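In terms of this note's numbering, the sequence shown has 81 at position 71, counting the first letter as 1, and numbering is strictly consecutive. Heads up, the beta-carbon is just placed ideally off N, CA and C, and yes, glycines get one too. Quick caveat: nothing in here was measured; it's all calculated off a predicted structure.
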Amino acid sequence: MVLSRPFSEHLPCPGICGLYERKLKDLNPTIGNITYDITDLYNFIDGLTDLSALVYDHSIQAFLPYDRQWIKQRIFQHLKKLASR
Numbered sequence: 011m012v013l014s015r016p017f018s019e020h021l022p023c024p025g026i027c028g029l030y031e032r033k034l035k036d037l038n039p040t041i042g043n044i045t046y047d048i049t050d051l052y053n054f055i056d057g058l059t060d061l062s063a064l065v066y067d068h069s070i071q072a073f074l075p076y077d078r079q080w081i082k083q084r085i086f087q088h089l090k091k092l093a094s095r
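This is how it looks when you write it as structure tokens:
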């Protein structure tokens, strides 16, 4: 019986991307420059057992839950913004 779950506090994109990049480095320690595309990242996200985001809403002074699809959309928007710089 699981009494608790791992908890991690991250901004959606840097946190999730960082987790994925660390996993890639662990799996490929001899490769200096690892590249991936959004599909690879989405597959990683889909493989996570339990993933959600709790975002604080000041207007109601409470956290609102968001699902993995919302997280994927936020990551895509963030990466698109980075690519346009």
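Could you give the first and the last residue of the continuous beta strand (DSSP E) run that contains residue i?
i	result
Leu61	Premise fails: Leu61 is in no beta strand (DSSP E) and is neither H nor E.
Tyr76	Ala72 to Tyr76
For the alpha helix (DSSP H) holding residue i, just list the boundary residues, first then last.
i	result
Ile41	It is not in any alpha helix (DSSP H) - Ile41 carries neither H nor E in the DSSP assignment.
Could you tell me the alpha carbon to alpha carbon distance between residue i and residue j, rounded to whole angstroms?
i	j	result
Ala63	Gly28	16 angstroms
Cys23	Lys35	18 angstroms
Asp58	Ala72	The sequence given here has Leu at residue 58, not Asp. Going from the Cα of Leu58 to the Cα of Ala72 covers about 25 angstroms.
Tyr30	Ile81	14 angstroms
Val65	Lys91	21 angstroms
Can you have a look at residue i and say buried or exposed, based on whether 16 or more other CB atoms are within 10 angstroms of its CB?
i	result
Ile44	exposed
Ile41	exposed
Ile26	buried
Task: Inter-stretch contact (C-beta, 8 angstroms, three-pair minimum) for the stretch 81-91 and the stretch 52-66 - done: yes
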